[in-house]
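Chains as they are written, first to last, in this note's numbering: chain A, 768 to 947; chain B, 768 to 947.
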C-alpha cells in the first residue's frame, strides 16, 4: 500500500494514458508518482601518486573502504555534488574535477558518476561517515575490502589508465551479483 | 502540504539527524522522503552525414525540434534508456551508442546524458510524441527552433567535434535563462 504525496489518499499501480510502464496513480486526485534512477557522484582524490580512500563508519558496508561518493542533491551540478561528498566524508577539498567513469547498476536503479580530482592539500580527517581516511599507493589498495562494485571497478580502471599514461572516460554496467 | 507515501499522514520539512538538508519527514511514522535530480538520456542518431531530429508533438516546447531523449527509467541502463527513447519518439533503431555530452541543469535538477549512435537503417516515422521526424544536414539544422538548451548545446558540440575529426566526452552546465 502506498499513498499520494499530494492528497494522502491511496494509490494504485496502473499505466497512465500515453505511458508504457505502471506508475503509482492516486485513486482520488489522479496524481502520477514517477520513480527514476538515482545518481551517485564521487571523486578519486589524488595527491601525488596516491589516492584517498575512506573506511565506512555507516551502513551499508560498514567497515569497508570506498572512494568518497553519495547521492547527488537537487540544485547542484554533478561535479559540485562529488566535491561536496568528498568534503563531507573526508574533510578534504578537491579541485580540477574530470569525469572518469559512469557505471549503470540497473538492478538497483543507480548510476555512478566518478570524477578524478586533485586534493588542494594533503589535508583530510575522519568524519561522522568515515572512521578512517587515508592516502593509498596502488600496491596498498585494500582490494578485498572495497565496499561497492562500482567503486572497485572505478579503481581498477583508474590504475589501468594510469599505467597507460592516458585517462579516458569509461561507461560500463555493473550486473547483479550471482545468487549463491 | 505534502503527505507520506508510506502511511498517508502529513509530512513536515526538517533536517534529519546526520543530514544537512531539509527533507519531507512524516509527522506520524518518521519516514524520510528524498528527492534527487533526474537523468534525461537520449541519442544523436546518425545516418551517413545526417542526424535525426524530432518535432515535438507534446508539451513542453510543442512544435520545436529536439534530439530523441527522455527520463531514464528504473531498471535500465543509460544507453538502453537512450535507445528506448529514440525508438519511442521516432520509431528508429540505433546501435553503437557512445556517451558524448553530460549537461548539468542545476536550476531544474536535471542531468542530460546524450549518446552518439548509428541508425541501423534510414527508417523512422512520426509517433505520438513527434509530429515530424527528419534527417538533417548540418546546414539545415533549425537552430532557432531547438526545444531545449541542453540539446542545442549538444548539437553545437557535435558539429564542432565532427569538424575537428575527433569526438570527445564533454561535461558542462546549462545556467538558468536570465529573467527579462
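C-beta: ideal position from N, C-alpha, C; glycine also.
Closest to residue 861 of chain B by C-alpha separation, out of B:883, B:938 and B:821, would be which residue?
Ranking the options by Cα distance to residue 861 of chain B, first place goes to B:883.
Find the residues of chain B that neighbour residue 873 of chain A, judging by a C-beta separation of less than 9 Å, and give them in chain order.
Simply 841, 842, 843, 844 and 847.
Considering just the uninterrupted stretch of the beta strand (DSSP E) at residue 817 of chain A, what are its terminal residues?
Its beta strand (DSSP E) spans residues 817-823.
Can you list, in chain order, the stretches of the beta strand (DSSP E) that have 3 or more residues and sit fully within the stretch 888-915 of chain A?
Those beta strand (DSSP E) runs which fall completely within the stretch 888-915 of chain A and span 3+ residues are 897-903.
Provide the residue span of the beta strand (DSSP E) that contains residue 886 of chain B, from first to last.
Counting along the chain, the beta strand (DSSP E) containing residue 886 of chain B begins and ends at 877-886.
DSSP three-state label for residue 781 of chain B, please.
In the structure shown, residue 781 of chain B sits in a strand (DSSP, three-state: E or B).
For residue 774 of chain B, decide whether its Cβ has a neighbour in chain A, counting only Cβ atoms nearer than 8 Å.
For residue 774 of chain B, the answer is yes, since a Cβ of chain A falls inside 8 Å of its Cβ.
Check each residue of the stretch 773-794 of chain A: if its Cβ is closer than 9 Å to any Cβ of chain B, include it; give the result in chain order.
So the close ones are 773, 774, 775, 776, 777, 778, 785, 787, 788 and 791.
Could you compute how far the alpha carbon of residue 932 of chain A sits from the alpha carbon of residue 926 of chain A?
Approximately 10 Å between the Cα atoms of the pair.
Determine the burial state of residue 905 of chain A: buried for a count of at least 16 other Cβ atoms within 10 Å of its Cβ, exposed for fewer.
Residue 905 of chain A comes out exposed.
Please confirm if the stretch 910-920 of chain A is in contact with the stretch 819-833 of chain A, defined as three or more CB-CB distances below 8 Å between the two stretches.
With a cut-off of 8 Å, the stretch 819-833 of chain A and the stretch 910-920 of chain A count as touching, because enough Cβ pairs lie within range.
Quick one: residues in its chain with C-beta nearer than 6 Å to the C-beta of residue 1004 of chain B, no 5 flanking neighbours on either side, listed in chain order?
No answer is possible for residue 1004 of chain B: the residues shown for chain B start at 768 and end at 947.
Measure how close the beta-carbons of residue 853 of chain B and residue 812 of chain B come, nearest whole angstrom, since I'm counting them as under 8 Å.
At roughly 6 Å, the Cβ-Cβ gap stays under 8 Å, so residue 853 of chain B and residue 812 of chain B are in contact.
What are the start and end residues of the alpha helix (DSSP H) that includes residue 864 of chain B?
Taken as a continuous stretch (DSSP letters only), residue 864 of chain B belongs to no alpha helix (DSSP H), being part of the beta strand (DSSP E) at 861-872.
Taking Cβ positions, are residue 809 of chain B and residue 834 of chain B nearer each other than 8 Å?
Their beta carbons are under 8 Å apart, which means residue 809 of chain B touches residue 834 of chain B by this criterion.
Residue 763 of chain A CB to nearest chain B CB: under 8 Å?
Only positions 768 to 947 of chain A appear in this structure, which leaves residue 763 of chain A out of reach.
Output needed for residue 900 of chain A: all residues of its chain with C-beta closer than 7 Å, excluding positions within five of it in sequence on either side, in chain order.
The answer, listed in chain order, is 819, 821, 857, 891, 892 and 893.
Examine chain B for any beta-carbon lying closer than 8 Å to the beta-carbon of residue 860 of chain A, and answer yes or no.
Closer than 8 Å: no.
Residue 853 of chain B lies in the alpha helix (DSSP H); which residues open and close that run?
Residue 853 of chain B -> alpha helix (DSSP H) spans 845-857.
Report yes if the C-beta distance between residue 814 of chain A and residue 922 of chain A is below 8 Å; otherwise report no.
No, the Cβ-Cβ distance between residue 814 of chain A and residue 922 of chain A is not below 8 Å.
Taking residue 874 of chain B as the reference, which of A:850, A:868 and A:840 has the closest Cα?
Closest by alpha carbon: A:840.
Is the Cβ-Cβ distance between residue 806 of chain A and residue 806 of chain B less than 8 Å?
Their beta carbons are under 8 Å apart, which means residue 806 of chain A touches residue 806 of chain B by this criterion.
Is the CB of residue 893 of chain A under 8 Å away from at least one CB in chain B?
Not closer than 8 Å to any Cβ of chain B, the Cβ of residue 893 of chain A fails to qualify, so no.
Taking the Cβ atom as the reference point for each residue, do residue 937 of chain A and residue 844 of chain A lie within a distance shorter than 8 Å?
No, the Cβ-Cβ distance between residue 937 of chain A and residue 844 of chain A is not below 8 Å.
Going by DSSP in three states, residue 918 of chain B sits in which element: helix, strand or coil?
Three-state DSSP puts residue 918 of chain B in a helix.
With 16 as the cutoff for other CB atoms within 10 Å, does residue 881 of chain A come out buried or exposed?
Buried, by the Cβ-count rule.
Let me see if you follow: with CB-CB separation under 8 Å, is residue 878 of chain B close to chain A or not?
Yes, residue 878 of chain B lies at the interface with chain A (some Cβ there is under 8 Å from its Cβ).
Based on the DSSP secondary-structure assignment, which residues constitute the bridge partners of residue 791 of chain A?
The partner list for residue 791 of chain A (beta bridge, DSSP) reads A:780 and A:800.
Look at the alpha carbon of residue 803 of chain A and the alpha carbon of residue 768 of chain A, and state the distance between them as a whole number of angstroms.
Roughly 19 Å between the two C-alpha positions.
What is the DSSP secondary structure of residue 840 of chain B, counted as helix, strand or coil?
Residue 840 of chain B: coil per DSSP, three-state reduction.
Hey, does residue 802 of chain B have any beta-carbon neighbour from chain A nearer than 8 Å?
Chain A, which has a Cβ nearer than 8 Å to the Cβ of residue 802 of chain B, makes this yes.
DSSP three-state call for residue 931 of chain A: helix, strand or coil?
Of the three classes helix, strand and coil, the one that applies to residue 931 of chain A here is helix, per DSSP.
Taking a cut of 7 Å between CB atoms, which residues from the stretch 926-942 of chain B lie near chain A?
Correct list: 936, 938 and 940.
Less than 6 Å between C-beta atoms, sequence neighbours within five positions excluded: which residues of the same chain meet that for residue 799 of chain B?
783, 790 and 792, listed in sequence order.
Quick one: is residue 801 of chain A buried, meaning 16 or more other Cβ sit within 10 Å of its Cβ, or exposed?
Per the 10 Å Cβ criterion, exposed.
Please name the residue, chosen from B:816, B:842 and B:859, that lies closest to residue 836 of chain B on a Cα-to-Cα basis.
Checking every option, the nearest Cα to that of residue 836 of chain B belongs to B:859.
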